[in-house]
Every structure is written in C-alpha cells, then in structure tokens.
Amino acid sequence: MYVILVYDVAQKRVQRVFKYCGRFLTWVQNSVFEGEVTQSQLARIERGISRIIEPDYDSVLIYVLRDNNWLDRRSLGARKGEPTNLI
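Numbering (the numbering used here), first residue to last: 13 to 99.
Rendered as structure tokens:
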C-alpha cells in the first residue's frame, strides 16, 4: 500500500519523528513523507511514532492508498525530496 504521512509536532520532537519516518518512507517536503509499505510496516510506523509524539499536542496524519492507480501526484515549485518508488 502507498502512504502519505504528514506531521505537525513540537520543535523538540521534529528531528526524532523525521529520522524515524525516514527509516521507512521517502522525505518529499517539510513534514511530509510518502512511500510503499506493507501492512506490518505501517503498524510499526504507527507504534513508533506513538512512542515519540505527545498526543495532546502533536498531530500525525497518515493517508493510505490501497491501490497505486489512485495516486495522481502533482508537484509545483521547488522539490525538497523525490520519492523513489512512485509509479
């Protein structure tokens, strides 16, 4: 499945979330990662991030696309990162 992960966390946790997400996904923009993962990898990502963030203050959104055919990615302006497994 293809996921897009977006986060808004306190400055003191940004680097930890960034490094953790980078283990599984490709960084594409400030606070945005995306990539192809398995169901078990997604569960691992969710567990790991849950241990890092403060749920009363931080926010993480994960959009799950079960079929890559539904993905129509358009980029305007400077590219911060480039997904390697995009169709």
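We put the beta carbon where it would ideally sit given N, CA and C, even for glycine.
Here the region 19 to 34 makes no contact with the region 79 to 89; the two share fewer than three CB pairs at distances below 8 Å. In the structure shown, the three-state DSSP call for residue 34 is helix. In chain order, 13 place their CB closer than 8 Å to the CB of residue 51, counting only its own chain and leaving out the 5 sequence neighbours on each side.
About 6 Å separates the CB atoms of residue 74 and residue 15; that is less than 8 Å, so the two are in contact. Counting only residues of its own chain and dropping the five nearest sequence neighbours on each side, residue 53 has a CB closer than 8 Å to the CB of 36. Counting only the Cα atoms, residue 72 lies some 11 Å from residue 57. Taking C-alpha positions only, residue 66 is separated from residue 59 by approximately 13 Å.
Remark: C-beta atoms of residue 68 and residue 25 do not approach each other more closely than 9 Å.
Taken in chain order, the whole beta strand (DSSP E) runs of length 3 or more contained in the region 64 to 93 are 71 to 77.
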